[in-house]
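Quick note: the sequence shown, position 393, residue 393 per the UniProt record's numbering, numbers continuous.
Don't be surprised by glycine CBs; every beta carbon is placed ideally from N, CA and C.
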Amino acid sequence: MRLRQHPTPRRETVESTMASESDTSSSPDSSDSTGSASSELDFSLIDQLIAVKDRTTGTDSALKRMDRDIGHAPLLSDDIVTSQSKDLVPQCAFLGTFKEDSDASVTRIFQNTNEPFSTFICGVQGSGKSHTTAVMLENALVASDHLGRLREPVSALVFSYGDFSIGGLGFNISEAAFLAAEKEGFKDHEVKKLTVLRSASNRAIETYYRRFPKVEIIPFKINAQALDVGTLLTLMAVDDKVEVPLYMAKIESILRDIATKSKTGIFDYKLFKKKLEAANFDQHQKRMLDQRLSLLESFLDVAGQAPEPQFRQGEITIVDLSDPMVTASTACILFKLCLGRFMQSSAPGKMVVLDEAHKYMLDNPGSLVLTEYLKTLIRLQRHKGARVIVSTQEPTVSTDLIALCSTTIIHRFTSPAWYAALKKHINAMDDDKAIMEQIEGLETGEALIYSPTAVLGKNDDGTLEKATGRLLKLNIRMRVTSDGGESVMAV
């Protein structure tokens, strides 16, 4: 079928038509100009919509960009700290020193405690990762003229979990607890208060924490209304990777029914218990169910009378769920619930520390839940005022978090698998052999730091010198509180 071709109108006809339409649109009877496709454009406010960096040119614009980069940098050199106003860098503290080469002078590196950040720390036992974690906690909690400036200390929450079998033989408490102990020569540098939340079924752990002054130890309890279906199933040790027992399938059905009919979105645990009692379970199923509920209810504050942690500024709260009765998966779920409660507290600045994360961030359902929550928190850290530190021996257990962290601190290790896990997320590891040898040769307390937005000084042309694409070899400073992680030597 052939398409009918229309003749092209003459130029005079088109121009006369446009003129006629123009006259019509300007007549009193025409439609409102604001809704007309032929209305004139108004760009009088467009300059206010242009990004700041493109709005102006020259010195003023460059200075604004520099100020912004300095204010948001997680790490700053001493030259930058001393040359900038307190308004631009209101809070910072000494982290360590580095030298560009053997002939260069020593540069002091400061941690920007005013800026929300996320840090991933890894290394073998005895390499200094717990020491580095404690130093970063000190910088955000301890106001000291010897360290820097700290107007508003954070409230710190530390997660800890370890082996407490055989009555706690060989058990080590969280290194963060020693921030509550004074160090000789540094009077009044300890944190204001230490709160320890322990597993309700492991009262024996209190003995290990009672040595510290200004410590409060309370059983860890969660509000039953804070539960949801997924959390409840995980706490009852239901693994979605295996076929669940028939009675657990009935429980899932009850939970779905409660969730569907709930108008407030708040879980009603008492209603859940009533429906369980009305369900037709045989004696064997009931015994198995009672075991799971007993584990669950050991962590629940059904009556709403359990003491609540206060999460105050300048104080540290350690959630230590080391307990033979608590699995790593359960610990992760409880950590996630506690973290949610912590983020709702009134403290303007919050620091979350996953201490020895390789002990509980394993291949289990609870770890997946905690990791997803942490990923969301890190993405929203500026909006939440959050500082997140993940400290682990094995970087392979938390690779999803490495890519999101603004700073990676690498202490000594020798594993090629660990190196491969880090290389996927760090754009400064091109010469594999040389860098691996450098990591293997790190002494205790030394670290390679990847922090691309760190500001190290100014170039000759006045622009900022950043650490983009570089690994900085840092000597982490000594602590101003007691060091409880020193190696026990034979002589």
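- At the C-beta level, K214 and K193 come within 8 Å of one another.
- For P153, there is no enclosing alpha helix (DSSP H), as DSSP marks it with neither H nor E.
- Taking the Cα positions, K384 is about 8 Å away from L377.
- Three or more Cβ pairs closer than 8 Å define a contact, and the stretch 248 to 259 falls short of that threshold against the stretch 204 to 222.
- Look at the stretch 90 to 148 and you find these whole runs of alpha helix (DSSP H), each 4 residues long or longer: 129 to 141.
- Annotated as proximal: Q225 and I266, with beta-carbon spacing under 8 Å.
- Rounded to the nearest whole angstrom, the CA to CA distance from K187 to R198 is 29 Å.
- Every alpha helix (DSSP H) stretch that sits fully inside the stretch 239 to 321 and reaches 4 residues is listed by chain position as 246 to 261, 269 to 278 and 283 to 297.
- Beyond the five residues adjoining it in sequence on each side, K273 comes within less than 6 Å, by CB distance, of no other residue in the same chain.
- Apart from the 5 residues on each side of it in sequence, E216 sits with its Cβ closer than 6 Å to the Cβ of T195 in its chain, given in chain order.
- With a beta-carbon spacing of about 6 Å, A134 and E175 fall inside the 8 Å limit used to define contacts.
- Boundaries of the alpha helix (DSSP H) harbouring L374: P365 to R379, taken from the DSSP string.
- Under DSSP, N459 shares a beta bridge with no residue.
- For S160, the closest of S391, L169, R210 and L150 by C-alpha to C-alpha distance is S391.
- Straight across, the Cα-Cα distance linking S345 with S155 is about 9 Å.
- Under the three-state reduction of DSSP output, K192 falls in the coil class, being neither helix nor strand.
- Residue nearest to V106 within the set S85, S77, E308 and Q91 is S77 (criterion: CA-CA distance).
- In the three-state scheme derived from DSSP, where H, G and I count as helix and E and B as strand, L75 is classed as strand.
- A buried status is given to T119, since no fewer than 16 other beta-carbon atoms sit within 10 Å of its beta-carbon.
- K275 and K424 have their C-alpha atoms some 49 Å from each other.
- Contact between the stretch 165 to 180 and the stretch 317 to 326 is present: 3 or more CB-CB pairs across the two stretches fall below 8 Å.
- For L41, no beta strand (DSSP E) segment is defined, and its DSSP state is neither H nor E.
- Membership of T453 in any beta strand (DSSP E) is not indicated, and neither H nor E is assigned to it by DSSP.
- Here F335 is buried: its Cβ has 16 or more other Cβ atoms, across all protein chains shown, within 10 Å.
- In this structure E372 is exposed. Its beta-carbon is surrounded by fewer than 16 other beta-carbon atoms within 10 angstroms.
- With fewer than 16 other Cβ atoms inside 10 Å of its own Cβ, I50 counts as exposed.
- Rounded to the nearest whole angstrom, the CA to CA distance from I333 to G469 is 36 Å.
- As DSSP reads the structure, E182 sits in a beta bridge with T481.
- Note: F159 is bridge-paired with V319 and L354 in the DSSP secondary-structure output.
- Rounded to whole angstroms, the Cβ separation of A447 and G128 is 7 Å, and the two are in contact under 8 Å.
- Taking 4 residues as the minimum length, the alpha helix (DSSP H) runs contained wholly in the stretch 387 to 440 are 399 to 402, 416 to 423 and 432 to 440, in order along the chain.
- A direct Cα-to-Cα measurement between I476 and P219 gives close to 35 Å.
- Setting aside the 5 residues that flank it on each side, L471 is surrounded in the same chain by A428, L448 and Y450, each with a C-beta closer than 6 Å to its C-beta; the list follows chain order.
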